Structure formats: C-alpha cells, structure tokens
Amino acid sequence: MKKKVVRKVKRIDTEVDKLRMKRKDTDTLKVKENVFDEPTLKALYTLSNKGIIQAMGGPISTGKEANVFLAEGEEKDIAVKIYRISSSTFNSMEDYILGDPRFRNIRHSKRDIIFAWTKKEQRNLIRAKEAGVLVPEPLVAERNILVMEFMGMDEKPYPSLKEHALKKDAAEEVFSTVIKYIDLLYNKADLVHGDLSEYNILIDPNTNEPIFIDMGQSVTKEHPRSKDFMLRDIENITRYFKRYGIDEDPHDLYSYIRNKKENEQINKHKR
Ligand SMILES: Nc1ncnc2c1ncn2[C@@H]1O[C@H](COP(=O)(O)OP(=O)(O)OP(=O)(O)O)[C@@H](O)[C@H]1O
Ligand SMILES: [Mg+2]
10 MKKKVVRKVK RIDTEVDKLR MKRKDTDTLK VKENVFDEPT LKALYTLSNK GIIQAMGGPI
70 STGKEANVFL AEGEEKDIAV KIYRISSSTF NSMEDYILGD PRFRNIRHSK RDIIFAWTKK
130 EQRNLIRAKE AGVLVPEPLV AERNILVMEF MGMDEKPYPS LKEHALKKDA AEEVFSTVIK
190 YIDLLYNKAD LVHGDLSEYN ILIDPNTNEP IFIDMGQSVT KEHPRSKDFM LRDIENITRY
250 FKRYGIDEDP HDLYSYIRNK KENEQINKHK R
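Last residue of the sequence shown: number 280 in the working numbering, and the count goes up by one each step with no gaps.
See below:
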C-alpha cells in the first residue's frame, strides 16, 4: 500500500520537522502551519494511542475551515477532518451555533466554538444516518478532529456530484434520492443540511448512490433560519439538475416537505 505521506502519528513531531524541510511543497507547508498546531498534534496523539488512527495518509482536501486526510483506521480506511483553530471563517460558525439549542451553554472562545462545531458535525451525521440518509459514519470527535468512515475506493474519495457525469435515468434517480434525503432530514431527523450543493454530495460510482457530507453547519428545525436554509438547499439542487432536463419548482418541493408531517398528522386523525 503506497501512500504519499505515510507515517505513524506517534512519530508525528519528527515527521513534521522533516516536512518543514520540503520548502517547495507549499501544500505540505500549509498543512503544517494551519493544521498541525500544538493542540491538534495532541489530539492526534490521543487518537493514535487509542488505536483509532493507525497511520496518517495524504491530504484529501483543503477547504475553507478544515483539512481532510486519508488515514488507516483500526479495520478500514478512515477520513480525518481537522478544523483549523486559526480558521478565518469561524465568525460565521458562531451564527449557526448560537441559534442551536443543543449548544446553549458553550463558552464563546474561538477554540470552544470550533470544538463545539466538530461535535455538532458528529451529532448531525449520527442523526442523519439514523434517519436513513447515507452519510459517512462518524467514529470519534476529539477536540477539533472528526474521524469518520472513508467514502471512497482504493484510497481515492468518491467523486462529488459535480465531478461525476450521470446518464439521464441515473440523474433522475439521484435527484429523487436527494429530495428524499432532504425530506428525511427535515421530517425525521429534525435537521436542515444548510450547505447542500453538488459539492457536498458524493456519488458512489458503482451504485450511483448519493452520499451527503459536510454537516458541521447543519441546524435543527428550531434554528430561526432553518427554513431559509432548507429552501436554499432545495434551490441549489433544482438548479444543478436542470442540466439533466429535470425542471422542478423548488418552492413546490419546499412546501411539500414542510407540510408533510402536518398532513400525515391530519390523515392519522381522520382515520
Ligand atoms: N468521509 C469522507 N470520505 C471521503 N472523502 C471525504 C470525506 N469527507 C470529506 N471528504 C472529501 O473532502 C472534501 C471536503 O470535505 P468537507 O466538505 O466535509 O470539508 P470542508 O472543509 O467543509 O470543505 P469546503 O470548505 O470545501 O466545503 C470533500 O469534498 C471530499 O472530497
Ligand atoms: Mg464541503
């Protein structure tokens, strides 16, 4: 098994020193500066001592707030998402956290908000999975690190919806599954994804099954803006699927999902 940067987390300090020498490798330098700060190293060390991370692999993605790495888990490959403490967009995190009743008591330092955010992503993924939405299974949240099931094959992550062209029939299937997932999230998990788009949906190319990812910002129904966020999610999806000749009105889908539970209650009553 060949990996770009294979190393035991236990030896991470020395390895990081070695990385520092690769001056030309800007990506690695970025990784060193932004991700592997002292608290993060400690958290990685803890996860390695527990055996959850056997070895760190190469970077999968460098996003706005987090870096995602491939790693070897206890049995399978895992994805390790590390929120940067130095993240510049954490102010927007505050808006999502403060409206969420589950996080009423957190202290408001930047660090605490990021730790809460990491836990929030874990809980959101668990709730989504329990409601029947296909998501990476979260394994552990430790400080700013979320360890989850790796969604990919042969050390390569599955393509995003954006990167994976679909035939018309398959596109229709994917579209209806995505709408079903938004519905399950709202009506069963009491959640709204909040950043749903062709970038935050992966496709298993063997089955064309969509997988929702990136749920740190997902909010419960009680969040004052949850309804705006759901409409925006639906608009992003209907906009994207227009290229496949699928022309659905986002407002109709939105009303259908919002009124569903009420209608079910009314029907139950009638029976
Ligand atoms: N569990 C996973 N398995 C495989 N790949 C993953 C997994 N989680 C994330 N990725 C990869 O990492 C990328 C970024 O993940 P994610 O969207 O969760 O992070 P992010 O930092 O919020 O990204 P961005 O700021 O770009 O939205 C994904 O597009 C995907 O390619
Ligand atoms: Mg993302």
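Glycine included, each C-beta is placed from N, C-alpha and C at the ideal position. Remember, it's a predicted structure, so these values are computed and weren't measured experimentally.
| Query | Result |
| --- | --- |
| When you measure from the CB of ASP213 to every non-hydrogen atom of ligand 1, does any distance come out below 7 Å? | no |
| Nearest CA to the CA of GLU139: which residue from ALA52, HIS202 and LYS197? | LYS197 |
| Could you check if HIS260 is buried or exposed, using at least 16 other CB atoms within 10 Å of its CB as the buried criterion? | exposed |
| Let me know the beta strand (DSSP E) ranges lying completely inside the stretch 198-229, each 3 residues or longer, listed in chain order. | 210-213 and 218-221 |
| Have a look at PRO110 and GLU130 and give me their C-alpha separation to the nearest angstrom. | 15 Å |
| Check the Cβ-Cβ distances between LEU50 and every residue of chain D, and say whether any is below 8 Å. | Within the model displayed, chain D is absent; a lone protein chain is all it includes. |
| Tell me which residues share the same chain as ILE222 and place their Cβ nearer than 8 Å to its Cβ, disregarding the 5 neighbours each side in the sequence. | VAL144, PRO145, MET160, ASN209, ILE210 and LEU211 |
| Thinking C-alpha only, which one of LYS236, ALA75 and ILE255 is nearest VAL201? | LYS236 |
| Using a Cβ-Cβ cutoff of less than 6 Å, which residues in the same chain neighbour SER206 once the five nearest sequence positions on both sides are dropped? | ASN245 |
| Using 8 Å for Cβ pairs, my map puts ILE243 next to ILE191. What's the rounded Cβ distance? | 6 Å |
| So is the beta-carbon of TYR253 under 7 Å away from any non-hydrogen atom of ligand 1? | no |
| For ASN153 and THR49, I'd like the C-alpha separation in whole angstroms. | 7 Å |
| Which two residues bound the contiguous alpha helix (DSSP H) that contains VAL183? | 177-196 |
| Can you check which of these residues, SER118, ALA180, GLU218 and ARG267, is closest to THR247 by C-alpha distance? | ALA180 |
| Going by the CB atoms, is the gap between GLY60 and ALA80 shorter than 8 Å? | no |
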